[in-house]
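Right, one structure below, let's go through it.
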Amino acid sequence: MEYDIKKIAELSALRINAEEENILRQDIAEMIGLVSELPDISVNNDTGQFMDMRSDNPEPSYCKCVTSDEIVAAAPESIHGFYTVPKALEN
Amino acid sequence: MLRENKCSAAEINADVQARIKEKQLNAYITLSADTAEIAENADNSFAVNWDQHPLMGIPVAVKDNISTKGMLTTCGSRMLSNYVPFYDATVIEKLKHAGAVITGKTNMDEFAMGCASDTSIFGSVKNPINADFSAGGSSGGSAAAVASGQAIAALGSDTGGSVRQPASFCGVVGFKPTYGTVSRYGLIAFASSLDQIGTITRNVYDASLLYNTICDRDRRDSTSVSARSISLPNCSALKGLKIGLPSELMTDEISAEVKKTVNDAIIEMGKAGAVIKPISVPSLKYAVSAYYIISSAEAASNLGRFDGIRYGYRAKDRRSLKEMYERTRSEGFGLEVKRRILLGNFVLSEGYYDSYYKRAISAVELLKREISEAFKKVDVMVSPVYPEPPFRLNKVRSKTERYTADICTVPASLTGYPAISVPFGCSADGMPIGIQLMAERFNDQKLLSAAYAFEQMIGGGVDE
């Protein structure tokens, strides 16, 4: 299986150095080999992965949602009801 | 003992704390500071309503990927080494309401990706039976804590066997409930369609008690469903029970010691009146491949949120936003996490989606149908938990060897069915070996009843 480890790393927003590249190239090849064993299975196009819901689902007995006020109150810094994060770039 | 006033919560807590100090297993990443105070408050609670607060004063450990308000939640990763959630996961709210004393956050494989608890930046977890051996993973810290008395019970998360396998390695009970019956709100996601919070306890009774406390439908988790409480089990549950043994999980890949343990367990079940039926589920051979495709694809997506902007680790020395993202992720994630992200993005990338992801989804559908058919003939399936007994911490294995070893646990994860590992045998090294029982979806009651009856029959599950 041909694949470009640098391209996949770029898609993954990862920088890999030369040492990691060697290790990962081998590992990913091994993993792709493992997952390539799957044949093309026909299941009548019914490929949904959702589980059946129970018909006797009552209303949730427990639900306390976090409010935006709580989120902002818990943030290290906030301005006018919005939480702030440190600058990503200084200049 | 607490209910009968034979000991106090403060005494139990002091004993647990002493064991944490005494045995250095690296089971915990963070210890709670206020356990003594909470235990004392539990003792001072006048006339405890045990129905409402069934865990009053009981020390419970929590895996470090479950959010705890005001307490570090690291996922065993540098990426979240400074992350303190401002809210409790639903299961933590429920534990607190039940009166549990949270002892601390337990060590784990980074982002729950692994089977030996050796990919954590905080170091490997040691097995309490023999510190040269692995405690299993990824919930190795929770299993080691319970097995060593450093907690009475623990929560773990199970995506492909991460509760059942470490429980088996440490000689305790690991229960993965039906997918959806326990809220995932506050569980840091690895593979959302497979992730399930489960329990690690010293016996099946405790597993049902803990499950009853944490199960419920939760509007904050769209996949959650209502769950019926377990009314504990009767000892005659094995009589007439039809137990299936899938031939695909007893192949030559399974070590002789583990096979013997499972065969011995079946003989014991037969003696108790269970009817053993050999069965075949051919698509089980696809389970590992499908699991690694789906879980890696979901991990690649879920872990995309860790970019250094909102929380967690942020790389220094960045010249552009793109460089900051990449450096943050490259420095924040360990090698195993990077492998899974890379594989996940590969199988989802253009030109490969049909060959991998779509095939995996079809394989899971086939697996669900075949297992569902099998459950028309049997009540419970029995199998090994892991193909080999606990291995030494420094054992070198190829990636394929590591991943294919998940063959016995991933089917329950892919289908959402409940499964439990119960300790039964012992390896030549003196390490515990568990057996796995699996039931059809929402048959948690039947599963726990069978496991409880089996445990009682073999004289296990004795609490201290």
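For the protein sequence lines, the chains are U and P, in the order given.
For the first sequence, numbering that gives the first Met the number 0 begins at 0 and goes up steadily by one.
For the second sequence, numbering that gives the first Met the number 0 begins at 0 and goes up steadily by one.
Quick reminder that beta carbons are idealized off the backbone N, C-alpha and C, glycines included.
Query                                                                                                                      : Result
Rounded C-alpha distance that separates V274/P from M437/P                                                                 : 16 Å
Near-chain U residues of the region 61-85 of chain P (beta-carbon distance less than 8 Å), N- to C-terminal order          : F85
V280/P versus P84/P - alpha carbon distance                                                                                : 43 Å
Contact check, L283/P vs P410/P, beta carbons under 8 Å                                                                    : yes
C-beta neighbour in chain P for D26/U, strict 8 Å                                                                          : yes
Range covered by the alpha helix (DSSP H) that runs through F168/P                                                         : R163 to C169
Residues sharing a beta bridge with S156/P, DSSP                                                                           : I196/P
Proximal chain P residues relative to I15/U, where beta-carbon distance stays under 8 Å                                    : S329 and K337
8 Å Cβ cutoff met for T260/P and G140/P                                                                                    : no
Cβ pair F174/P, P389/P closer than 8 Å                                                                                     : no
Whole-Å CB distance - A472/P paired with V124/P, under 8 Å assumed                                                         : Residue 472/P is absent from the model: chain P starts at 0 and stops at 463.
Classification of C6/P by the beta-carbon crowding that lies within 10 angstroms, buried from 16 upward                    : exposed
Under 7 Å by beta carbon: chain P residues contacting V84/U                                                                : I308 and R309
Straight-line Cα distance separating E19/U from D26/U                                                                      : 10 Å
Contact list for the region 355-371 of chain P against chain U, Cβ threshold 8 Å                                           : Y355, K357, R358, A359, I360, S361, A362, V363, E364, L365 and R368
C-beta neighbour in chain U for S397/P, strict 8 Å                                                                         : yes
Three or more C-beta pairs below 8 Å linking the region 430-445 of chain P and the region 192-199 of chain P               : no
Neighbour flag for E76/U against chain P, beta carbons, 8 Å                                                                : no
Neighbourhood of A60/P by C-beta distance below 8 Å, restricted to the same chain and skipping five residues each side     : A26, Y27, I101, T102, G103, K104, T105, G140, S141, A144, V145, Q149, A150, A152, A153 and L154
C-beta atoms of A450/P and V203/P nearer than 8 Å                                                                          : yes
Under the three-state DSSP convention, the category E463/P falls into                                                      : Here E463/P scores only 43 on pLDDT, less than 50, and its place in the model is too uncertain to base an answer on.
Partner residues on chain P for V71/U, Cβ-Cβ distance less than 7 Å                                                        : Correct list: empty, because the minimum Cβ distance to chain P is about 10 Å.
Same chain only: Cβ atoms within 8 Å of S191/P, ignoring 5 sequence neighbours per side                                    : R183, T222, E297 and N301
Between the CA atoms of L231/P and I266/P - distance to the nearest angstrom                                               : 24 Å
Beta-carbon gap between L447/P and A206/P smaller than 8 Å                                                                 : yes
Stretch-stretch touch, CB-based, cutoff 8 Å, three pairs: the region 343-355 of chain P with the region 379-397 of chain P : no
Min CB distance N344/P to chain U below 8 Å                                                                                : yes
Backbone secondary structure at V34/U - three-state DSSP                                                                   : helix
Residue interval of the alpha helix (DSSP H) (run including P410/P)                                                        : V409 to T414
Nearest neighbour of T72/P, chosen from G56/P, S31/P and S147/P [CA to CA]                                                 : S31/P
Pairwise C-alpha distance: I65/P and N12/P                                                                                 : 22 Å
Alpha-carbon to alpha-carbon, R304/P and D316/P                                                                            : 21 Å
Endpoints, the alpha helix (DSSP H) within which K398/P is located                                                         : K398 to T403
Cβ pair D63/P, C74/P closer than 8 Å                                                                                       : yes
Secondary structure of M78/P, DSSP reduced to three states                                                                 : helix
Same chain only: Cβ atoms within 6 Å of S228/P, ignoring 5 sequence neighbours per side                                    : N211
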